[in-house]
Amino acid sequence: MTDAEHLFTPRDFLRRAISRFNQADLVYGHGTTTALDEAAFIILEGLRLPIDQLEPFLDARLLPDERERLAGLIEARVTTRKPAPYLLNKAYVGGVPFFVDERVIVPRSFIGELLRSDALAGGEGSLIADAGAVTSVLDLCTGSGCLAILAAQLFPNARVDAVDLSPAALEVARRNVADFGMEDRVRLFEGDLFTPLKGKRYDFIITNPPYVGEAVMAALPPEFLAEPAMALDGGVDGFDIVRSILDGARAHLAPGGALICEIGEDRDILEAEYPDLPFLWLDTSESAGEVFFLPAEALGLKRPPRAPAGKAPRRSPAAAKGAGAASRSGAPRPRRR
Ligand SMILES: C[S@@+](CC[C@H](N)C(=O)[O-])C[C@H]1O[C@@H](n2cnc3c(N)ncnc32)[C@H](O)[C@@H]1O
414 MTDAEHLFTP RDFLRRAISR FNQADLVYGH GTTTALDEAA FIILEGLRLP
464 IDQLEPFLDA RLLPDERERL AGLIEARVTT RKPAPYLLNK AYVGGVPFFV
514 DERVIVPRSF IGELLRSDAL AGGEGSLIAD AGAVTSVLDL CTGSGCLAIL
564 AAQLFPNARV DAVDLSPAAL EVARRNVADF GMEDRVRLFE GDLFTPLKGK
614 RYDFIITNPP YVGEAVMAAL PPEFLAEPAM ALDGGVDGFD IVRSILDGAR
664 AHLAPGGALI CEIGEDRDIL EAEYPDLPFL WLDTSESAGE VFFLPAEALG
714 LKRPPRAPAG KAPRRSPAAA KGAGAASRSG APRPRRR
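Numbering (the working numbering), first residue to last: 414 to 750.
Here's what the structure looks like:
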């Protein structure tokens with residue numbers, strides 16, 4: 414008899430999946446970190462149930478086709494070693510669902526959480542003065558387009574440009590932009606970093622570039638090998654693309670703007686190489702010191718002049734205020750491997 418014939422409820426499938434995942438020594442890190450969470454995600458998403466509510470459904474009786482589907486997904490997770498989001502064509506960032514397949518990295522950027530938090534929403538404790546004053550955002554290395562779409566949601570008055578070098582990734586991004594009805598707010602560009610943007614300047618540049626160094630690239634487990642190598646590979650120490658972004662940002666930030674960049678664990682390398690840059694390291698619920706915030710002034714761009722009395726000033730969106738999310742310490746944990 415097959416699993417689908419033996420197992421009847423989500424609880425049965427959960428138990429069976431965890432045993433199989435442990436036996437197969439799977440590796441996690443694509444939205445979940447344990448066998449239990451991975452199994453729960455596969456079961457709930459596989460049944461099109463809310464992914465954060467396992468308990469109410471644990472003992473529900475499943476239909477034969479649902480049992481077949483779950484048995485197939487669990488089998489595929491073990492035999493193909495593909496990350497669960499590829500098997501389900503779905504990944505969640507801050508609770509927001511995006512279509513994914515193997516043309517893009519599975520979204521898991523810490524910047525996603527920042528774009529869903531108060532850290533960039535403007536007002537008290539925020540890194541920026543006024544989210545409504547942000548009119549232009551650039552998402553470099555957009556992949557599935559997830560951060561560009563979240564930025565468009567956070568900054569209601571912003572146009573968002575999103576760039577990727579991979580035409581295949583941009584097809585996925587195009588689908589997500591359409592799914593969110595954002596075609597008039599998010600523009601996609603194919604090319605190398607700033608190249609397709611012809612000198613345009615932005616209030617915000619956000620970026621989660623490839624930043625895996627060659628030693629880690631050489632030892633990636635199968636789950637991570639399933640992702641496009643160009644989404645991970647950052648050269649010898651991982652920072653080839655980060656350096657190009659730092660070098661190019663000055664020419665593409667508007668005065669008063671800011672750069673937000675995820676770089677992984679090795680911030681010491683950057684701090685040693687750019688001793689004059691006052692990186693402000695932002696923490697999230699699952700990371701410490703893996704994302705930096707850099708105001709345009711730090712890159713040598715002057716703040717916009719104050720308006721004469723009686724005239725409306727151009728509000729400066731990215732007035733760094735040293736928000737609660739910021740730190741200069743912390744022990745980052747590995748995550749992109
Ligand atoms: C780590 S992924 C990030 C994707 C997405 N922003 C996210 O957070 O899920 C990096 C992306 O950068 C793209 N990329 C790599 N080199 C690039 C380059 N030189 N210019 C633009 N995009 C590049 C890859 O194709 C990949 O989609």
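From the three backbone atoms N, C-alpha and C, an ideal C-beta is built for every residue, glycine too.
Taking C-alpha positions only, Gly-604 is separated from Val-704 by approximately 24 Å. Not a single heavy atom of ligand 1 lies less than 7 Å from the C-beta of Ala-497.
Not one heavy atom of ligand 1 falls within 7 Å of the beta-carbon of Thr-697.
For the pair Arg-516 and Leu-563, the CB atoms are not nearer than the 8 Å cut-off. Judged by DSSP in its simplified three-state form, Glu-627 adopts helix.
Closest by C-alpha distance to Phe-602, out of Asp-681, Glu-481, Leu-578 and Glu-418, is Leu-578. Arg-572 is positioned such that its CB atom lies no closer than 8 Å to that of Thr-555. Contact fails between the region 445-454 and the region 638-651, because fewer than three Cβ pairs, one in each stretch, are under 8 Å apart. Gly-525 is the residue among Pro-609, Gly-525, Ala-489 and Thr-492 whose C-alpha sits nearest the C-alpha of Val-506. Closest in C-alpha terms to Glu-686, from the list Gly-669, Asp-660, Thr-697 and Pro-496, comes Asp-660. Under the DSSP definition of a beta bridge, Ala-437 lacks any partner. Shown here for Val-491: same chain residues with a beta carbon closer than 6 Å to its own, the five before and five after excluded, namely Arg-433 and Ala-437 in chain order. In the DSSP annotation of this structure, the continuous segment of the beta strand (DSSP E) that includes Pro-708 starts and ends at 700-708. For the 8 Å CB-CB criterion, Thr-697 and Leu-527 form a contact. A residue is called buried once 16 or more other Cβ atoms fall within 10 Å of its Cβ, and Pro-498 is buried on that count.
Per DSSP, the beta bridge partners of Pro-510 are Tyr-505. Under the rule that a run must span 3 or more residues, no beta strand (DSSP E) segment is found entirely inside the region 464-489. Here the distance from the Cβ of Asp-577 to the nearest heavy atom of ligand 1 is below 7 Å. Counting the other Cβ atoms within 10 Å of the Cβ of Thr-620 gives 16 or more, which makes it buried. For the 8 Å CB-CB criterion, Ala-671 and Ala-709 form a contact. One thing to note: Arg-494 has its Cβ within 8 Å of the Cβ of Glu-636. Using a Cβ distance threshold of 8 Å, Pro-510 and Gly-545 do not count as a contacting pair. In this structure, the straight-line span from the alpha carbon of Ser-657 to that of Pro-641 is close to 20 Å. Within the DSSP secondary-structure output, Gly-535 pairs in a beta bridge with Asp-543.
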